[in-house]
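For reference, the structure is listed below as structure tokens.
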Amino acid sequence: MKASFIAAINQICSEKNVSPEQVIEAVKQAIATAYRKDYGNKEQEIRVELEEGRDEPVILVVKEVVEDVENENFEISLKDAKKIKSDIDVGDEITIDVTPEGYGRIAAQAAKQVILQKLQEAEKQSLFEMFKDREHELLTATVTKVEPNWVTLEIEGMTVSMPWREQIPGEHYYTGKRIRVYLDTVEQTGKGPQLRISRTHSALVKKLLELEIPEVRNGDVEIMAIARDAGFRSKVAVRSKDQRIDPIGACVGQKGVRIQAVMDEINGERVDMIEWSDDPIRLISTALQPASISAVIIVNNTEHLDAEGRKIKKRAAVFVEEAQRPMAIGRKGQNIRLATELTGFELDMYNYEELPAFKVKLAELRGEPVEVAVLVEETAKETASAPETEASGETEQKS
């Protein structure tokens with residue numbers, strides 16, 4: 009090496025923004041290991057010195073000064089030691105220069121491998137720190153490869169895989185396609201940072217609403233809950249912190265342009281906006297739109313453990329006219345399932361004619377009268393997406 013060994017390392021570290029102290033220490037260890045392998049004993053204490061102005065490292069072996077040598081790898085006689093250093097006694101340690109002639113080439117190769125390794129580690133750490141601070145954010149990705157169960161993406165110079173379970177059902181991916189993804193978590197692994205990204209997470213809808221709707225972004229309109237059946241339908245409950253702002257209108261936008269922009273980003277998935285209410289009965293009836301709900305009974309308003317330690321969920325009984333039942337349940341139970349997720353209540357669906365008998369039975373169980381919220385032609389806000397086309401004839405499964 010024409011340049012100083014240590015100067016060359018410092019220059020590379022400076023260019024790659026890597027700590028030279030860590031690299032130099034690792035280089036010393038690598039050179040010592042290489043020497044033990046080629047010339048010495050694996051148990052020998054080897055020290056490596058890298059001095060400014062020298063184009064090769066100095067290899068030093070540490071030995072104990074003794075009267076009679078029993079193991080030449082670890083000991084040196086007092087007579088021989090004094091030839092190296094005059095003021096030395098038995099029991100002292102001495103370092104001996106054992107640098108082989110022309111060892112600079114071997115040392116340079118060891119240094120190169122260490123530097124490359126340290127650069128890779130530094131790059132991985134840099135990527136980890138960069139993305140760790142961006143967990144739960146929206147990222148823009150470009151598709152670079154499509155496989156049966158995986159889509160490979162490029163995100164700001166990093167290659168990330170998105171498994172099928174995080175992909176929107178029915179979405180077509182192709183090389184060069186740009187998509188937005190939700191960064192769920194970032195973990196550091198032996199292979200570098202591992203990014204868990206998703207197109208199916210409900211938070212993706214939340215982040216897209218924040219992106220497209222200024223009132224949501226600045227906090228005037230608050231997203232209270234989201235229920236999502238990725239690729240098909242989402243229900244989003246919002247409320248306004250400003251009485252002058254209609255939360256549904258703000259989210260839908262003029263001629264539906266705002267909500268349409270969100271739906272376009274998630275492959276045309278329907279997004280229904282509903283107004284949040286702290287009244288669970290009103291919230292439940294609104295969450296089940298476009299069906300018209302006749303009555304609601306809150307069976308259990310709190311989640312708790314029973315005497316045997318079993319978890320008792322919040323539960324409500326919903327009563328509808330027979331004609332409204334298919335819409336309330338939805339295609340393959342989608343509407344009632346999303347309403348359950350949105351409200352936090354397990355919802356049991358009944359025909360309106362069953363209300364009197366249900367009321368009597370529940371009153372007997374409770375030992376007190378039952379409060380029934382009868383919703384007669386209540387005016388509710390329209391849902392904010394395409395016209396409802398729920399299939400009829402579906403049968404719910406009571407939970």
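One gets our numbering by counting positions in the sequence shown from 1 and adding 8 to each. Where is the CB? At the ideal position from N, CA and C, for every residue including glycine.
Buried/exposed call for residue i, threshold 16 Cβ in 10 Å
i	result
A315	exposed
G401	Because G401 carries a pLDDT of 34, less than 50, the predicted location of this residue cannot be relied on, and the following value inherits that uncertainty. G401 should be labelled exposed.
R278	buried
K71	buried
E101	exposed
T294	buried
E386	The predicted position of E386 is uncertain, since its pLDDT is 46 and thus under 50; a value taken from the coordinates is nonetheless stated next. Looking at its Cβ environment, which holds fewer than 16 other Cβ atoms inside 10 Å, E386 is exposed.
R374	exposed
S242	buried
K36	buried
T183	exposed
Q297	buried
E376	exposed
T348	buried
Q117	exposed
E23	exposed
I282	buried
P334	buried
D280	buried
Beta-carbon gap between residue i and residue j smaller than 8 Å
i	j	result
V260	R236	no
I305	L217	no
V31	I17	yes
N308	I320	yes
V194	F139	yes
E69	E57	Per the sequence shown, residue 69 should be read as Val rather than Glu. Not a contact, by the Cβ cut-off of 8 Å.
V26	K126	yes
N157	P177	no
I96	K90	yes
L203	V168	yes
R188	L161	no
I292	F366	no
H312	A211	no
E174	R142	no
I123	I267	no
A119	A38	yes
L383	I301	yes
L346	A233	no
K442	P28	The question about residue 442 has no answer, for the chain in this structure spans 9 to 407.
Distance between beta carbons of residue j and residue i, contact taken as under 8 Å
i	j	result
L191	I205	6 Å
E136	Q196	As written in the sequence, residue 136 is Phe, which differs from the Glu given in the question. Indeed, because the Cβ distance is near 5 Å, the residues count as touching under 8 Å.
A336	A303	That pair is no contact at about 12 Å.
I104	I92	6 Å
A258	E223	4 Å
E60	I14	6 Å
Does the segment 93-110 touch the segment 142-153, meaning 3 or more C-beta pairs lie closer than 8 Å?
no
For the segment 247-260 against the segment 212-227, do three or more pairs of beta-carbon atoms, one drawn from each stretch, fall closer than 8 Å, so that the two count as touching?
yes
Could you pull out every unbroken beta strand (DSSP E) segment of at least 3 residues lying fully inside the segment 57-85, listed in chain order?
66-74, 83-85
Is it the case that the segment 321-339 contacts the segment 357-368, given that we only count it when at least three CB pairs across the two stretches are under 8 Å?
yes
Residue ranges of each alpha helix (DSSP H) within the segment 196-261, 4 or longer
210-220, 222-225, 255-260
Considering only residues of the segment 88-144, which uninterrupted alpha helix (DSSP H) runs meet the minimum length of 4 residues and lie entirely inside it, listed in chain order?
112-140
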